[in-house]
Structure formats: C-alpha cells, structure tokens
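Everything below concerns the one structure shown next.
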Amino acid sequence: MLSGNGPTPDPQDRDHPARPSWPAPPPPTAPWPRMPWLLLALSVVAVVLSAGAIVVVRDGLGSGTDEYAAAQLRGTYPTEPTRAWTVRSDDLEPGVSLGGLGMMTGPEVRDLDGTLLVSLQDPEFRSNALVAIDAATGAVRWRVDDVSFLVQECATTSIDGLVPCVAPARAPGEGPDVSEVRFYRLSDGQVVRTQRVPDARYVDVYNAAVFVAGSTTETMWIAKGEVADVTEDWRQEFRMGKCRPGGGSGFTVAGGIARLWGGHHGASVAVETGEALTPQVLDDPYLYPHQGVVGTECQWDQGIFDPRMHTVASTGGHTNVVFGPGQRPASVLVPDRAGGGPLVLGNNAYDFATGELVWSVDSGVTLHTVVGDLVLGSRDSVGIADHMFGYSLHTGELLWRTGVSRLFVPVASDGERVIGYEPTSASSGIYSAYNLRTGVQEWQTRSVEGWAVLKPAGMGFVIVNEHELVFYPPTGGPARPPQNAGVGLEERASSSQPDQLVVTRCDQAPEMTPLDFRTNGNELIVTMQVVSACGSGDIVSTDALRVSVFDEGAAVASGMFDFSGAPLYLPPRNGSSGRAGAASDAHVVREFAFPIRSFWRLPIMVGDSTGVDSSRATFRQSVECLDEGTSHGPVSGEVTTETTGDALKLSAARAAEPPGIDSEQAAIDALRALANADRPFVAESLEGKWVPQVSSKRYGLDATDIDGTMVHWSAQEILRQHLELRILYPEVRLLYTDEWPVFDLKGWWVTVAGLTFEDSGPAIGWCHDRGIEMEHCYAKLISAHRGSAGTTRYR
Numbered sequence: 009m010l011s012g013n014g015p016t017p018d019p020q021d022r023d024h025p026a027r028p029s030w031p032a033p034p035p036p037t038a039p040w041p042r043m044p045w046l047l048l049a050l051s052v053v054a055v056v057l058s059a060g061a062i063v064v065v066r067d068g069l070g071s072g073t074d075e076y077a078a079a080q081l082r083g084t085y086p087t088e089p090t091r092a093w094t095v096r097s098d099d100l101e102p103g104v105s106l107g108g109l110g111m112m113t114g115p116e117v118r119d120l121d122g123t124l125l126v127s128l129q130d131p132e133f134r135s136n137a138l139v140a141i142d143a144a145t146g147a148v149r150w151r152v153d154d155v156s157f158l159v160q161e162c163a164t165t166s167i168d169g170l171v172p173c174v175a176p177a178r179a180p181g182e183g184p185d186v187s188e189v190r191f192y193r194l195s196d197g198q199v200v201r202t203q204r205v206p207d208a209r210y211v212d213v214y215n216a217a218v219f220v221a222g223s224t225t226e227t228m229w230i231a232k233g234e235v236a237d238v239t240e241d242w243r244q245e246f247r248m249g250k251c252r253p254g255g256g257s258g259f260t261v262a263g264g265i266a267r268l269w270g271g272h273h274g275a276s277v278a279v280e281t282g283e284a285l286t287p288q289v290l291d292d293p294y295l296y297p298h299q300g301v302v303g304t305e306c307q308w309d310q311g312i313f314d315p316r317m318h319t320v321a322s323t324g325g326h327t328n329v330v331f332g333p334g335q336r337p338a339s340v341l342v343p344d345r346a347g348g349g350p351l352v353l354g355n356n357a358y359d360f361a362t363g364e365l366v367w368s369v370d371s372g373v374t375l376h377t378v379v380g381d382l383v384l385g386s387r388d389s390v391g392i393a394d395h396m397f398g399y400s401l402h403t404g405e406l407l408w409r410t411g412v413s414r415l416f417v418p419v420a421s422d423g424e425r426v427i428g429y430e431p432t433s434a435s436s437g438i439y440s441a442y443n444l445r446t447g448v449q450e451w452q453t454r455s456v457e458g459w460a461v462l463k464p465a466g467m468g469f470v471i472v473n474e475h476e477l478v479f480y481p482p483t484g485g486p487a488r489p490p491q492n493a494g495v496g497l498e499e500r501a502s503s504s505q506p507d508q509l510v511v512t513r514c515d516q517a518p519e520m521t522p523l524d525f526r527t528n529g530n531e532l533i534v535t536m537q538v539v540s541a542c543g544s545g546d547i548v549s550t551d552a553l554r555v556s557v558f559d560e561g562a563a564v565a566s567g568m569f570d571f572s573g574a575p576l577y578l579p580p581r582n583g584s585s586g587r588a589g590a591a592s593d594a595h596v597v598r599e600f601a602f603p604i605r606s607f608w609r610l611p612i613m614v615g616d617s618t619g620v621d622s623s624r625a626t627f628r629q630s631v632e633c634l635d636e637g638t639s640h641g642p643v644s645g646e647v648t649t650e651t652t653g654d655a656l657k658l659s660a661a662r663a664a665e666p667p668g669i670d671s672e673q674a675a676i677d678a679l680r681a682l683a684n685a686d687r688p689f690v691a692e693s694l695e696g697k698w699v700p701q702v703s704s705k706r707y708g709l710d711a712t713d714i715d716g717t718m719v720h721w722s723a724q725e726i727l728r729q730h731l732e733l734r735i736l737y738p739e740v741r742l743l744y745t746d747e748w749p750v751f752d753l754k755g756w757w758v759t760v761a762g763l764t765f766e767d768s769g770p771a772i773g774w775c776h777d778r779g780i781e782m783e784h785c786y787a788k789l790i791s792a793h794r795g796s797a798g799t800t801r802y803r
C-alpha cells in the first residue's frame with residue numbers, strides 16, 4: 009500500500025494502477041522547535057450575525073498560550089520572499105490536483121512538525137492519496153495510496169508522532185457507511201491503529217488529546233480521548249435547533265474550546281470537562297480563545313430569522329445583554345498575548361464578562377480582524393473598501409490608516425506585519441504584507457492564479473493551489489507575538505512620508521471597472537476601480553459625468569455624477585509617475601451610488617451572488633463614462649498615494665439615460681428578467697400556499713401608489729415600486745400574470761411577499777402588521793395547476 013516502501017502495484021490492477029516509484033523515505037528531520045510564546049490563532053471567517061449576539065463566558069478555559077498557532081508565523085518577512093522550492097501536482101501524478109484535508113474544502117496543507125501533509129484528488133474530486141513532504145527541502149518523504157478509502161479529514165497537528173485522520177471503514181459499495189479514525193505514522197506513513205467511530209466526520213489534536221466530532225440528522229456530538237480510545241474521556245451531544253439552513257461545516261479545537269458547526273448549526277464545549285458552553289446549538293458560533301463563544305439563538309421559522317433575547321453567561325451568574333442587529337464579530341487571527349481583550353462587534357467593543365460598552369469607533373467602519381493588540385477595520389466588511397484602519401484593541405484609538413486595493417483578507421502574521429490576500433481579478437490575486445505599527449504596505453507577491461491558500465509551514469509559509477505547493481522561507485529573524493498598538497498617527501507620519509504624485513487634467517473620461525454590487529436603502533451601490541485614461545493621471549472635476557453600467561449589453565444603472573465640488577484625483581499609470589522615486593498603483597476605488605429610477609437590476613441579477621443583496625462583478629459587466637459637463641478643478645496638482653480623495657461614496661446627482669438604450673425598454677427588460685429569475689423559486693416554494701400580494705400593475709394604469717400618490721404606471725414606475733418593495737422586504741418576488749392560471753387578467757405585473765401560509769388569515773395579517781391598505785395588499789393563493797376561483801381573500 010505504501011509507494012516506495014510497500015509491494016509494487018500490479019500494472020494490470022485497474023483499482024490500484026502503477027504509479028511513479030518514490031525514493032525510500034529519508035530519516036525524519038528533527039521537528040521545528042515549538043516556540044513557547046506562540047499563541048492560538050483562528051482562521052478568518054466572515055460571519056454576519058443578522059441579529060444580536062449571545063456570548064458565553066466560562067472560567068476554566070485556560071489562560072496560557074497554545075503551542076499550535078494556525079496563523080502565527082515562526083519567522084519574519086521584512087521584505088518580499090522568494091520561492092525556495094515548488095512541488096507540482098503533475099510531478100506527483102499526471103492528471104491529479106492538490107485537494108483538501110477537511111470536509112468540503114479546497115486545496116489545503118497540514119504542517120505537522122516539519123512534515124507537510126497534502127492530498128491528491130482525481131478529476132472527480134475524490135481523494136486518492138496522502139503525500140508527506142519535507143518542509144525544509146520539498147522532498148517527498150512518503151506516499152499512501154488511498155483509492156478505496158477516501159480520507160475525509162486529518163488533524164491540524166500530531167500526537168506521539170502520529171496524525172489521526174477520519175475515513176470510511178468500508179470501500180464504496182461494500183455496505184453501510186461506517187467511519188473510522190486512522191493514525192498514520194509521520195515517519196513513514198504506515199497506519200498503526202484504527203478505531204471505528206460511527207458518524208465521525210472530524211478529528212483534531214489539542215493539548216496531547218484527540219478530539220472527534222460528527223453529526224446525524226438530529227444531533228451533533230463532540231468527544232475527547234486518547235490514541236488508545238478516541239472517545240474515552242467524554243462525549244457531549246446536542247440536538248439540532250431551529251437554525252438557518254445553509255451549507256459548509258467544520259471543526260476547531262483552540263483556546264480551551266472545541267467548536268463544531270454544520271450549515272448554521274454550531275455547538276461548543278470546554279475541552280477539559282466536555283461541559284457545553286451553551287445548552288443548545290447556536291447560529292454561527294464564533295470562538296474567542298480562552299474567553300468564550302459568540303453566536304445567535306436559533307429562531308428560524310417560516311423563512312424568517314427571528315432574533316430573541318440574548319444572554320451573557322458567566323460562572324458568577326447570568327446577565328441578560330442584547331447586542332444590536334446586523335453586527336459582525338471580529339475574527340481573532342492572533343489573540344492578544346495579554347489576554348482578556350474585549351469582544352469586538354461591528355464598530356463597538358464590549359467587556360466579555362459584563363457586556364458593557366468599552367469603546368466605539370465611527371459607525372461607518374466595520375472592525376473585522378484582531379491581530380494581537382490591534383484591530384483592523386474598513387468602511388465595509390472584511391476590508392471591502394480602498395482604506396484599512398488600525399485601532400488599539402484596548403482603547404479604540406485610531407493608530408493608522410492605509411490604502412488597499414479593494415479587498416484585503418488577513419491570513420497570517422509574523423508579529424510585525426499582517427499578511428493577507430488581495431484579489432486582482434475573479435481568478436487571481438496577490439499576497440501582501442502591511443506593517444502592524446504603521447499600516448504601510450511593505451511588499452506584495454507576484455500574481456497567484458486560482459484558489460490559493462497561505463499556511464504557516466516549518467519556519468516559513470507555503471502557498472498552495474490546485475496545481476502547486478510553493479514554500480517561501482523567512483527573510484528576517486525569528487518572529488514574536490504581535491504587540492503594536494503603542495504607535496499612533498503622529499509617529500507614523502514622522503516615520504513614513506507618503507509618495508507625492510504630480511497629476512494633470514486628462515481630456516478623456518476616466519475608465520471604470522465594476523468590482524461588486526450591493527443595495528443599501530433605495531440605492532444600488534457599485535464599487536468601481538477608477539483609472540485615468542491618460543498616462544499622466546487625471547483630475548476629474550466635471551459637473552456632469554454620465555456613468556452607465558451594463559451586464560452583457562443590458563442596462564444595470566445609469567446616473568450623472570457631479571465632481572465640481574470635490575474633484576477626484578487619479579494617479580498616473582504605472583511607469584508614468586510625475587516625480588522621481590514616486591510609486592503608484594494607477595487606480596483608486598470608489599463606491600458609486602445610483603438611487604431608485606437610475607438603476608434597473610439588482611445584485612442577485614448581476615455577477616456572482618455573495619448574499620441576498622450583494623454580488624461580485626465578473627467579466628460580463630462593463631462601464632461606459634461620458635463627460636457631458638464642464639470641468640471646474642485645477643489643471644494640475646499634487647496628490648499623495650494615501651489621500652487620493654476622501655469621499656469613498658459618490659452619489660448620482662440625477663438619473664441618466666443609458667447610451668443607446670431607452671429607459672422604458674430597459675425597465676421592461678428588467679421586469680422580464682426579474683420574473684424569469686423568480687419563477688423557479690415561486691414554482692417550488694410558493695406552490696399551493698397563501699402569500700401576501702402587495703402590488704398588481706400594468707402599463708398605462710392610473711392608480712395610487714402605496715403611499716396614496718396618484719401615478720401613471722409606466723414600466724419604469726412599475727419597476728421602481730417593485731425595487732422599493734424588494735429592498736424593504738427581501739422575500740418579495742415578481743410574477744407576470746400571463747404565466748400563472750390563478751390570475752384572470754393578463755399583462756399585469758404582480759408583487760408578492762415570498763412568505764407562505766397554510767390559509768389566508770396570516771397572509772392578510774402580514775399586510776395589516778405593515779400598515780398596507782387593503783386595496784394594495786391582500787391574500788393570494790399561488791399555483792401553476794389550478795384556476796383563479798377561490799384564490800383571492802380580502803380583509
């Protein structure tokens with residue numbers, strides 16, 4: 009079974025075909041020294057709590073440091089690193105790719121005391137081998153072919169020279185699925201022990217103990233044990249709650265807490281005792297090492313997330329604390345070594361034990377990542393903006409701000425800087441490093457293609473995607489825990505002067521590329537990358553710049569923007585700097601807000617959806633800019649790379665016709681596209697159910713709007729009202745009466761709330777609760793298989 013150590017596969021054996029012969033495994037190198045100060049770090053996961061948060065604080069979670077650090081590097085990187093070695097998937101076996109070592113994950117790697125463990129996947133994304141690679145040299149130590157026994161999950165660290173993995177105990181088709189935990193010897197890959205554990209899905213090692221977790225259709229469970237018996241110490245079960253449906257799952261053991269989640273159901277226990285941190289599962293539990301978990305009570309009913317009372321619990325008693333809706337807990341990349349930091353939610357920090365507000369920052373900033381005693385924030389979640397801010401974890405003082413390309417996702421730290429991923433297109437990006445004391449970007453890598461993951465490995469880090477594993481050694485000395493919040497804006501200003509660039513007004517309109525779309529109130533906000541059409545940069549000061557956004561030729565939005573009061577400075581293109589030594593990334597990023605009547609499509613209709621009200625742009629979207637006004641700003645001037653315009657959001661002064669497209673026809677096309685997009689949901693989820701009908705309109709109708717205003721209903725007005733209702737009530741859907749036999753009149757556009765009821769009373773109650781008059785809102789039965797008789801009920 010072992011390639012290089014075991015018997016040679018039979019070339020005629022179709023289940024175990026011959027593979028390239030590997031060298032005999034070298035003697036294991038000494039493990040990398042574990043630094044006693046390494047702190048536990050958590051992976052960055054952007055989890056939005058759509059209601060308040062329940063925080064559970066428990067004594068007995070430990071207060072010391074953890075030996076294993078998921079995001080703390082062992083060496084420093086003051087300058088851009090270079091590749092030391094590369095292992096390509098085709099070199100391991102033609103036609104395979106590097107796969108995951110956890111459930112439903114992309115390419116991944118485990119760093120096990122200087123041995124890097126990777127898996128190989130066949131073209132159908134099935135695991136077929138485990139490969140161990142020496143972190144120092146890139147040499148293959150051993151390989152285990154696992155064709156019939158697909159490894160699902162491997163621990164993030166080892167125990168007694170062994171790494172436990174979860175896999176089916178039987179080959180596919182040989183009987184019911186039964187899971188087992190296998191212990192692979194790190195020195196040669198031999199399986200030295202197996203134990204069957206029904207329904208096991210995850211395994212990890214923490215503080216010289218083995219933790220196993222799994223689930224059934226009704227329960228979730230976590231167990232603790234040893235190599236001899238992985239469930240010997242304790243086993244804790246939880247019943248599934250009324251959490252939101254969803255995909256994704258995972259298991260983390262860190263900071264004295266074991267946390268299991270699947271979909272939006274999550275359970276957490278104290279690792280020493282197995283005591284449940286909450287009596288029931290939570291929606292998206294979030295872990296704060298050695299302090300507790302943050303989550304929301306599960307109250308999912310009739311498709312609505314219903315927030316209830318939230319609790320802060322401590323060993324001294326129980327205190328009820330309600331946190332505001334829509335707040336996001338900050339991810340803990342590397343915990344503060346002083347311990348006991350506040351809980352960071354949205355733009356606020358709270359005391360973990362009492363729930364009292366400790367400090368707050370501007371409401372327009374989202375605090376998203378804790379790195380030691382520093383909190384990173386941006387104008388939107390997870391760095392989706394062109395500025396990033398650094399705050400003191402303990403005081404909330406603004407220490408620095410810096411420019412980022414658009415999206416910066418922190419993934420690791422060497423104690424002096426934070427390293428993260430910045431996408432440059434839909435299929436590629438770069439890794440860059442920002443100084444934690446000053447916020448200055450110190451280096452960035454070459455473009456990385458595909459899904460690329462950075463992980464600490466040995467004394468350095470690796471970047472792995474489907475096709476290659478690349479090791480980058482440190483360029484400086486040993487790392488230390490982050491402690492950077494003693495430096496403020498004044499010291500940064502004296503230690504680092506931003507580049508100054510000379511720009512001149514360009515006689516051509518700027519070029520724009522959409523990055524993402526979202527709705528906010530009655531606006532469609534399009535984040536744009538803006539570039540000068542001239543090499544010398546630009547000063548955009550026109551009072552009428554028509555900005556029109558298209559999706560494969562269909563109008564998305566079009567508005568007129570006035571820059572006369574606040575000119576937009578665009579830096580020179582790369583290589584065209586107006587001053588020696590000056591550098592430029594050649595673009596700025598701004599949010600362009602289009603109000604109702606100036607946009608025709610919602611984010612769910614454009615690009616790749618990232619939520620109910622947001623999407624990421626693709627190559628199918630384009631922008632056309634036309635300068636139809638007069639410029640009022642200077643002809644030339646200086647601009648720094650830090651202050652290329654203070655206003656991050658620009659609002660259209662008025663709607664504008666998209667070039668070459670009639671606005672009425674654009675509205676008709678948008679209504680048709682909305683009805684087409686909603687039809688599958690309506691047919692599957694609303695069939696035979698009562699729903700609130702909130703509007704029915706046809707072209708040329710003269711009738712009042714919901715607010716009582718008399719309107720002549722054109723396609724643009726029908727679309728305007730539907731979009732307003734859809735933004736106000738995200739469950740709203742659009743139907744065209746010609747396509748549904750429960751309507752007698754043809755040619756009408758009908759807006760319904762997508763909440764279903766078994767009879768008409770609750771649907772009518774929905775209208776009453778929202779103060780919508782009877783002539784506009786009543787109960788309607790939706791069906792594609794019956795006539796109109798008996799399908800309408802009024803109050």
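In my numbering, the protein residues as written are 9 to 803. Beta carbons are placed, not taken as given, at the ideal position from N, Cα and C, and that holds for glycine. Bear in mind the structure is a predicted one, so any value in this text is a computation, not a measurement.
Shortest Cα-Cα distance from Asp237 to any of Thr535, Val205, Arg554 involves Val205. Look at Leu743 here: in three-state DSSP terms it is strand. In terms of Cα proximity to Asp570, the closest of Leu553, Trp748, Ala674 is Leu553. Non-local C-beta neighbours of Val235 in its own chain, meaning closer than 7 angstroms and more than five positions away in sequence, comprise Ile167, Asp168, Leu170, Phe191, Arg201, Val218, ordered along the chain.
Of the candidates Ser796, Asp767, Pro579, the residue whose Cα lies closest to the Cα of Lys697 is Asp767. For Arg794, the number of other beta carbons within 10 angstroms of its own is below 16, and it is reported as exposed. Trp757 is not a Cβ neighbour of Arg687, given a cutoff of 8 angstroms.
Beta-bridge annotation (DSSP): Arg267 is paired with Thr260, Ser276. The straight-line gap separating the alpha-carbon atoms of Gln160 and Phe397 is approximately 39 angstroms. Cβ contact annotation for Glu476 (same chain, cutoff 6 angstroms, sequence separation greater than five): Thr94, Arg96, in chain order. Using a Cβ distance threshold of 8 angstroms, Arg624 and Gly615 count as a contacting pair. Annotated three-state conformation of Ser187 is strand, per DSSP.
In the displayed model, Pro700 falls within a strand according to three-state DSSP. Relative to the Cα of Pro350, the nearest Cα in the group Asp370, Val302, Ser544 belongs to Val302. Counting only residues of its own chain and dropping the five nearest sequence neighbours on each side, Thr453 has a CB closer than 6 angstroms to the CB of Ile438, Tyr439.
Every candidate alpha helix (DSSP H) stretch fails here, since none sits fully inside the region 119 to 179 while reaching 4 residues. Counting along the chain, His376 sits inside the beta strand (DSSP E) bounded by residues 374 to 379. Under the three-state reduction of DSSP output, Met782 falls in the coil class, being neither helix nor strand.
Phe246 is bridged by DSSP to Met228. Judged by their CB atoms, Asn473 and Pro115 are nearer to each other than the 8 angstroms cut-off. Taking all protein chains in view, the Cβ of Arg445 is crowded by 16 or more other Cβ atoms within 10 Å, so the residue is classified as buried. Separation of Arg728 and Met568 (C-alpha to C-alpha, rounded to the nearest whole angstrom) is 18 angstroms. At the C-beta level, Gly233 and Glu226 stay beyond 8 angstroms of one another. Ser257 counts as buried, since no fewer than 16 other beta carbons sit within 10 angstroms of its beta carbon. For the options Ser617, Ile604, Leu578, the alpha carbon positioned closest to that of Arg598 is the one of Leu578. In chain order, Ala92, Gly468 place their CB closer than 6 angstroms to the CB of Pro481, counting only its own chain and leaving out the 5 sequence neighbours on each side. Note on Met782: under 16 other CB atoms within 10 angstroms of its CB, so exposed under the neighbour-count rule.
Residue environment analysis places Pro667 among the exposed positions, since fewer than 16 neighbouring C-beta atoms fall within 10 angstroms of its C-beta. Residue burial is scored here from C-beta neighbours: Asp746 has fewer than 16 other C-beta atoms within 10 angstroms and is therefore classed as exposed. In the structure shown, the three-state DSSP call for Phe416 is coil. Between Thr304 and Trp367, the alpha-carbon positions lie close to 22 angstroms from each other. Distance from the CA atom of Gly347 to the CA atom of Leu679, rounded to whole angstroms, is 55 angstroms. For Leu634, the enclosing beta strand (DSSP E) stretches over residues 629 to 635. When the alpha-carbon of Ile772 is set against those of Val702, Val419, Ser223, Ser544, the nearest one is in Val702. Nearest Cα to Val104 within the set Arg82, Leu731, Ala563, Leu128: Leu128. Linking Ser540 to Asp551 through their CA atoms gives a straight-line distance of about 17 angstroms.
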